[in-house]
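Participant:
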Ligand code: UDP
Ligand code: MG
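Numbering (our numbering), first residue to last: 19 to 327.
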């Protein structure tokens, strides 16, 4: 018998837990016919509602269910890391509890694992039910990442992914504190099969991602998987030096040939404002990387467990 670990990060999802369990267990026949034992790891990411109680209710009913409860909200990335670390399965799958990642896809995913793929990932082909501006920025982000990062980051990729123990161990070996899982998957490599499906709207409750949270997350992603922004300062610096040199030549030539007085302090003010703005911008970028480095060298744990059962 092989063991399949289903890892489910939950944050304030009391309405969805039991429903998710029912949906997953609809695959029961598939599990038994493929000699698969299942363990179901709910990672409670410091929920303030009845999520923990809902999971404990399931544990009382079914001893394949496990709960790992954090001391506070650490974010979904930490939840995924904890899940991969605590799960004991030969195969591991990460799923949202809101049923946006359909458990009915599991048999198809296993087909590809049996064919020799190391992981089967999913991406959604549309962004139905999402604000236009969010879709636009998301597309822009992925296009840009393709240019400035070596790690392959796929547009529309979800966290729903089935993988072998070997790949999970590779991901766990990346102990960085600023985790951007989409980049990490690409970075570790392995043979991945992509499945596509249409966006499904979440069953109950609200998405935890506001526009600004996503925006900040995208900046984290850039800082985690690209150092190109750090080069901006040097490039802009060189361009400005060239421009300044040309201006100096022009001014000297004008003075010699036409005897023009060197006039125009408004233009000077504009130039000073622009140059100092660019300087501050570049220092800001360096500051971002410095801040990330600072957090990284502290070697803080990625998550803290309050309760485990
Ligand atoms: N989640 C989590 N910690 C958080 C935010 C979200 O564990 O801080 C979980 C959440 O319970 C859900 C999954 O991550 O199972 C995806 O969250 P959500 O549905 O809000 O994101 P979306 O599907 O809109 O990207
Ligand atoms: Mg969701």
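Think of the CB as a built atom: it goes at the ideal place given N, C-alpha and C, for glycine as much as any other residue.
Nearest to residue 21 by alpha carbon, out of 93, 37 and 105?
Facilitator: As a working note, residue 21 is residue 3 in the chain shown. It is 105.
Participant: Quickly, what does DSSP pair residue 62 with across the bridge? List them, please.
Facilitator: Position 44 of the chain shown, counting from 1, holds the residue named residue 62. For residue 62, which the question treats as bridged, DSSP gives the partners 28 and 87.
Participant: Roughly how many whole angstroms lie between the Cα atoms of residue 89 and residue 26?
Facilitator: On the chain shown, position 71 is the one that residue 89 refers to. On the chain shown, position 8 is the one that residue 26 refers to. Roughly 17 Å between the two C-alpha positions.
Participant: Kindly list the residues whose CB is nearer than 6 Å to the CB of residue 205, restricted to its own chain and excluding five residues on each side of it in sequence; keep chain order.
Facilitator: Position 187 of the chain shown, counting from 1, holds the residue named residue 205. So the qualifying residues of the chain are 169.
Participant: Between which two residues does the alpha helix (DSSP H) carrying residue 153 extend?
Facilitator: Working through the chain shown from its first residue, we reach residue 153 at position 135. Start and end: 150 to 166.
Participant: Taking DSSP as the reference, what is the three-state secondary structure of residue 185?
Facilitator: For this step, residue 185 is matched to residue 167 along the chain shown. Helix at residue 185.
Participant: Please enumerate, following chain order, all residues with a beta carbon closer than 7 Å to at least one heavy atom belonging to the ligand MG.
Facilitator: So the residues near the ligand MG by this Cβ test are 114, 116, 118, 220 and 225.
Participant: Find the nearest neighbour of residue 327 within the set 317, 96 and 82, judged by alpha-carbon distance.
Facilitator: On the chain shown, residue 327 is found 309 positions in, with the first residue counted as 1. Of the listed residues, the one whose Cα sits closest to residue 327 is 82.
Participant: Please say whether residue 139 and residue 198 have beta carbons closer to each other than 8 Å?
Facilitator: In the chain shown, counting from the first residue as 1, residue 198 sits at position 180. In the chain shown, counting from the first residue as 1, residue 139 sits at position 121. No, the Cβ-Cβ distance between residue 198 and residue 139 is not below 8 Å.
Participant: Below 8 Å on the Cβ atoms is my guess for residue 61 versus residue 77; work out the distance and round it to an integer in Å.
Facilitator: Within the chain shown, the letter at position 43 stands for residue 61. Within the chain shown, the letter at position 59 stands for residue 77. Not a contact, Cβ separation roughly 14 Å.
Participant: Specify the secondary structure class of residue 272 as computed by DSSP and reduced to three states.
Facilitator: The residue you call residue 272 lines up with position 254 of the chain shown. Note: residue 272 maps to helix in three-state DSSP.
Participant: Restricting to Cα atoms, I'd like to know which of 300, 92, 55 and 69 is closest to residue 195.
Facilitator: Numbered from its first residue, the chain shown carries residue 195 at position 177. Here the closest residue by C-alpha is 92.
Participant: Run the proximity test for residue 216: is its beta-carbon closer than 7 Å to any non-hydrogen atom belonging to the ligand NAP?
Facilitator: The ligand NAP is absent from the structure shown, which contains only the ligand UDP and the ligand MG.
Participant: Is the segment 121 to 141 touching the segment 226 to 237 in the sense that three or more CB pairs, one from each, lie closer than 8 Å?
Facilitator: Contact fails: fewer than three Cβ-Cβ distances are below 8 Å.
Participant: Note down, in chain order, each residue of its chain lying with its Cβ closer than 6 Å to the Cβ of residue 163, except the 5 sequence neighbours on either side.
Facilitator: Residue 163 sits at position 145 when you count from the first residue of the chain shown. The answer, listed in chain order, is 171.
Participant: So if DSSP puts residue 112 in a beta bridge, which residue, or which two residues, is it bridged to?
Facilitator: Position 94 of the chain shown, counted from the start, is the residue given in the question as residue 112. In the DSSP output, where bridge partners are listed per residue, residue 112 has 25 and 179.
Participant: When you measure from the CB of residue 149 to every non-hydrogen atom of the ligand UDP, does any distance come out below 7 Å?
Facilitator: Here residue 149 refers to the residue found at position 131 of the chain shown. Not under cutoff, so the answer is no.
Participant: Can you give me the C-alpha to C-alpha distance between residue 36 and residue 73, rounded to a whole angstrom?
Facilitator: Translated into positions along the chain shown, residue 36 becomes position 18. Translated into positions along the chain shown, residue 73 becomes position 55. Distance between the alpha carbons of residue 36 and residue 73: 8 Å.
Participant: Please report the distance separating the alpha-carbon of residue 116 from that of residue 319.
Facilitator: On the chain shown, residue 116 is found 98 positions in, with the first residue counted as 1. On the chain shown, residue 319 is found 301 positions in, with the first residue counted as 1. Between residue 116 and residue 319, the C-alpha separation is close to 27 Å.
Participant: I think residue 99 touches residue 226, with their Cβ atoms under 8 Å apart; what is that distance to the nearest whole Å?
Facilitator: Taking the first residue of the chain shown as position 1, residue 99 is located at position 81. Taking the first residue of the chain shown as position 1, residue 226 is located at position 208. Not a contact, Cβ separation roughly 17 Å.
Participant: Here's the rule I'm using: 16 or more other beta-carbon atoms within 10 Å means buried, otherwise exposed. How should residue 190 be labelled?
Facilitator: The sequence position of residue 190 within the chain shown is 172, counting from 1. Under this definition residue 190 is an exposed residue.
Participant: Identify which residue in 80, 158 and 32 has its Cα closest to the Cα of residue 43.
Facilitator: For the purposes of this step, residue 43 is taken as residue 25 along the chain shown, with counting starting at 1. If we check each option's Cα against that of residue 43, 80 comes out closest.
Participant: So, under 8 Å CB-CB, residue 142 and residue 176 are touching, yes? Tell me the CB distance rounded to an integer number of Å.
Facilitator: The residue labelled residue 142 in the question sits at position 124 within the chain shown. The residue labelled residue 176 in the question sits at position 158 within the chain shown. So it is a contact: roughly 6 Å between Cβ atoms.
Participant: Spell out the partners DSSP gives residue 142 in its beta bridges.
Facilitator: Here residue 142 refers to the residue found at position 124 of the chain shown. Partner(s): 215.
Participant: With residue 110 and residue 23 assumed to form a contact (beta carbons below 8 Å), what rounded beta-carbon distance in angstroms separates them?
Facilitator: For the purposes of this step, residue 110 is identified with residue 92 of the chain shown, where counting begins at 1. For the purposes of this step, residue 23 is identified with residue 5 of the chain shown, where counting begins at 1. Sure, about 5 Å apart at Cβ, within 8 Å.
Participant: Just the Cα atoms here: how many angstroms apart are residue 213 and residue 53?
Facilitator: The residue given as residue 213 occupies position 195 in the chain shown. The residue given as residue 53 occupies position 35 in the chain shown. Cα to Cα, the separation comes out at about 24 Å.
Participant: Please classify residue 244 as buried or exposed, where buried requires at least 16 other C-beta atoms within 10 Å of its C-beta.
Facilitator: The residue given as residue 244 occupies position 226 in the chain shown. Result: buried.
Participant: Output needed for residue 125: all residues of its chain with C-beta closer than 6 Å, excluding positions within five of it in sequence on either side, in chain order.
Facilitator: Counted from its first residue, the chain shown places residue 125 at position 107. 48.
Participant: Answer yes or no: the CB of residue 29 versus the heavy atoms of the ligand UDP, is any distance below 7 Å?
Facilitator: Counting from one through the chain shown, the residue named residue 29 turns up at place 11. The answer is yes for residue 29.
Participant: Considering only residues of the same chain and omitting the five flanking positions on each side of residue 216, which have a CB-CB separation below 8 Å?
Facilitator: Locating residue 216 in the chain shown gives position 198, where the first residue counts as 1. Taken in chain order, the residues that qualify are 142, 143, 144 and 146.
Participant: Looking at residue 63 and the ligand UDP, is the gap between the Cβ and the nearest heavy atom below 7 Å?
Facilitator: As a working note, residue 63 is residue 45 in the chain shown. Checking the Cβ of residue 63 against the ligand UDP gives yes.
Participant: Buried or exposed: which applies to residue 294, given that a residue is buried once 16 or more other Cβ atoms fall within 10 Å of its Cβ?
Facilitator: If you number the chain shown from 1, residue 294 lands on position 276. Answer is exposed; the Cβ neighbour count stays below 16.
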